[in-house]
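Letter by letter, the sequence shown follows residues 2 to 205 of my numbering.
Yeah, the Cβ is synthetic: ideal placement off N, Cα and C, and Gly gets one too.
This report refers to the structure that appears directly beneath it.
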Amino acid sequence: CQIVEQLEMLRDRPNRTEKPYIYHLDVGAMYPNIILTNRLQPSAIVDDATCAACDFNQAKNGCKRPMDWTWRGDFNPANKSEYDRTKDQLSRETTKDGLSFHQLPEQEQEGLISSRLKIYARNAYKKSKVTEEVNRKDTVCMRENDFYVETVRRFRDRRYELKKLTKVTKNMISKAKNPMERKEAEDKTLVYDSLQIAHKCILN
Numbered sequence: 002c003q004i005v006e007q008l009e010m011l012r013d014r015p016n017r018t019e020k021p022y023i024y025h026l027d028v029g030a031m032y033p034n035i036i037l038t039n040r041l042q043p044s045a046i047v048d049d050a051t052c053a054a055c056d057f058n059q060a061k062n063g064c065k066r067p068m069d070w071t072w073r074g075d076f077n078p079a080n081k082s083e084y085d086r087t088k089d090q091l092s093r094e095t096t097k098d099g100l101s102f103h104q105l106p107e108q109e110q111e112g113l114i115s116s117r118l119k120i121y122a123r124n125a126y127k128k129s130k131v132t133e134e135v136n137r138k139d140t141v142c143m144r145e146n147d148f149y150v151e152t153v154r155r156f157r158d159r160r161y162e163l164k165k166l167t168k169v170t171k172n173m174i175s176k177a178k179n180p181m182e183r184k185e186a187e188d189k190t191l192v193y194d195s196l197q198i199a200h201k202c203i204l205n
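Next comes the structure, spelled out in structure tokens:
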């Protein structure tokens, strides 16, 4: 609460004379904590039709939580007619192997269209990507799937355990009395640190 008040004071009166403190925000822990706090899960975002078919769709249950969020998307500035024209041009060309555009796998066709549209957009619009942000509001179902939420919680807690073990084994390296003990401590440190990084990657 005190930190929030100080941040609000800084926002309202940015010209300060105090000596600043540096705050380190652990962004790595942000994502699992957001999931656990908001009970976000693959089936959590629901619409009116889903709620209407649910037996718990009553105000007294308090199972619906509105959530504001920002959708962000990157797209090519070319319009539909320009896309169709580009695809038509490619359909008249052949590859180095003598294959026509329509003989190529769908994934390769999409790649060629994307590459050609990027070149076209740079020439026509002086940019190949447009970023758009849209404020949206959805309903989060509070009737959580325990398996998903608990899995995230266990992964997060397990990562904290591995980080602690990494610190312990690092201290063991400096306290090792012989090369064998030092090598064993170094190996354990490497394993624990690798595992905690792997848990971090999975969580994020």
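Going by CA-CA distance only, name the one from A60, S92, F148 that's closest to S44.
The residue given as residue 44 occupies position 43 in the sequence shown. For the residues A60, S92, F148, the minimum Cα distance to S44 belongs to F148.
Considering only C-alpha positions, which residue in the set T96, W70, A54 is nearest to K138?
Numbered from 1 along the sequence shown, position 137 holds the residue referred to as residue 138. It is W70 whose Cα lies nearest to the Cα of K138.
Can you tell me the Cα-Cα spacing of D13 and L163, whole angstroms?
Within the sequence shown, the letter at position 12 stands for residue 13. Within the sequence shown, the letter at position 162 stands for residue 163. Going by the C-alpha atoms only, they are around 41 Å apart.
For V153, count neighbouring C-beta atoms within 10 Å of its own C-beta (all shown protein chains included) and say buried if the count is 16 or more, exposed if not.
Here residue 153 corresponds to residue number 152 of the sequence shown, with the count starting at 1. By the 10 Å Cβ count, V153 comes out buried.
Just curious, the beta strand (DSSP E) that F76 is in, first and last residue?
The residue you call residue 76 lines up with position 75 of the sequence shown. From DSSP, the beta strand (DSSP E) with F76 extends over 65 to 76.
Could you check whether L118 and A79 sit closer than 8 Å to each other, using their CB atoms as the reference points?
Residue numbering aside, residue 79 sits at position 78 when the sequence shown is read from its first letter. Residue numbering aside, residue 118 sits at position 117 when the sequence shown is read from its first letter. Yes, these two residues count as a Cβ contact at 8 Å.
Counting only the same chain and skipping the five closest in sequence on each side, list residues whose C-beta sits under 6 Å from that of T132.
The sequence position of residue 132 within the sequence shown is 131, counting from 1. Taken in chain order, the residues that qualify are D75.
What three-state label does DSSP hand C55 in the structure shown?
Counting from 1 along the sequence shown, the entry for residue 55 is found at position 54. Looking at C55 - three-state DSSP - the assignment turns out to be coil, as it is neither helix nor strand.
Leaving out five residues on either side along the sequence, give the residues of the same chain with a beta carbon under 7 Å from the beta carbon of E109.
Sequence index remark: in the sequence shown, residue 109 carries index 108 (1-based). Same-chain partners within the cutoff: there are none.
Within the continuous alpha helix (DSSP H) that includes K88, where are the two ends?
Taking the sequence shown and counting its residues from 1, the one referred to as residue 88 is at position 87. First-last of the alpha helix (DSSP H) with K88: 81 to 92.
Just to confirm the assignment, what range does the beta strand (DSSP E) spanning R137 have?
For the purposes of this step, residue 137 is identified with residue 136 of the sequence shown, where counting begins at 1. 131 to 142 is the extent of the beta strand (DSSP E) around R137.
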